[in-house]
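For what it's worth, full-length UniProt numbering labels the leading residue of the sequence shown as 1, then goes sequentially. Okay, structure first, notes after.
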Amino acid sequence: MFTVLRIRRDLVDAIVAHARRDHPDEACGVIAGPDGSDRPERFIPMVNAARSPTFYEFDSGDLLKLYREMAANDEAPVVIYHSHTATEAYPSRTDIKLAQEPFAHYVLVSTRDPEEHEFRSYRIVDGVVTEEPVEVVESYMFANTGNDDIPDAQ
């Protein structure tokens, strides 16, 4: 399955800013989008309950609240992101073991370099990691994302 993560620049900037802000601990969060759309829309930074530079964990209460909110809004977790603070942006064995959303893009950003960041996306299904290209766009309106992006007639 060849996929690409198409994501707006403001969302990439928000993920990187969150990762820098929480450094040296790992940052984590979700970008929700319309259910079935594969289009990340709503940035939801989460608290790393582990407060660790080598591990992230969503607070179970916050996660339950988020999933209820997404269900009420007909949304799905399109992107699940976290940062690595001292290593490359590649899923660890723990990351792979914990990946439970087969349709999500798992984004990792490395903040090990204070000047540059590494931003990569993966699909993780049944323990198999597949890196995918990331296409950063200014707007989904003009990106090649399908007919659902055509504005409605006024």
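Cβ atoms here follow ideal geometry from the backbone N, Cα and C, with glycine treated the same way.
Comparing the CB of residue i with every heavy atom of the ligand NAD, is any distance shorter than 8 Å?
i	result
C28	Questions concerning the ligand NAD fall outside what the structure shown contains, since it holds no ligand whatsoever.
Which one of the options has the shortest CA to CA distance from residue i?
i	options	result
A27	P114, V134, V109 and T130	V109
T87	D59, E118, L63 and D74	E118
S52	D25, P45 and F58	D25
V125	D95, P102 and V4	P102
I44	L5, S37, R6 and A17	A17
I15	T3, T54 and I31	I31
S37	L64, E135 and R6	R6
T113	A19, A50 and L11	Before going further, note that residue 113 is Asp rather than Thr in the sequence given. With distances taken between Cα atoms, D113 lies closest to A19.
If we call anything under 9 Å between Cβ atoms a contact, is residue i one with residue j?
i	j	result
K97	G127	yes
R42	Y140	no
R123	E132	yes
G29	H82	yes
D59	M46	yes
V107	R120	yes
P91	V129	yes
T111	F55	no
V79	P40	yes
Which partner residues does residue i have in the DSSP bridge list?
i	result
S83	V109
L5	V134
Quick one: which unbroken alpha helix (DSSP H) runs of 4-plus residues sit fully inside the UniProt domain "MPN" (5-128)? Chain order, please. 9-22, 60-72 and 93-98
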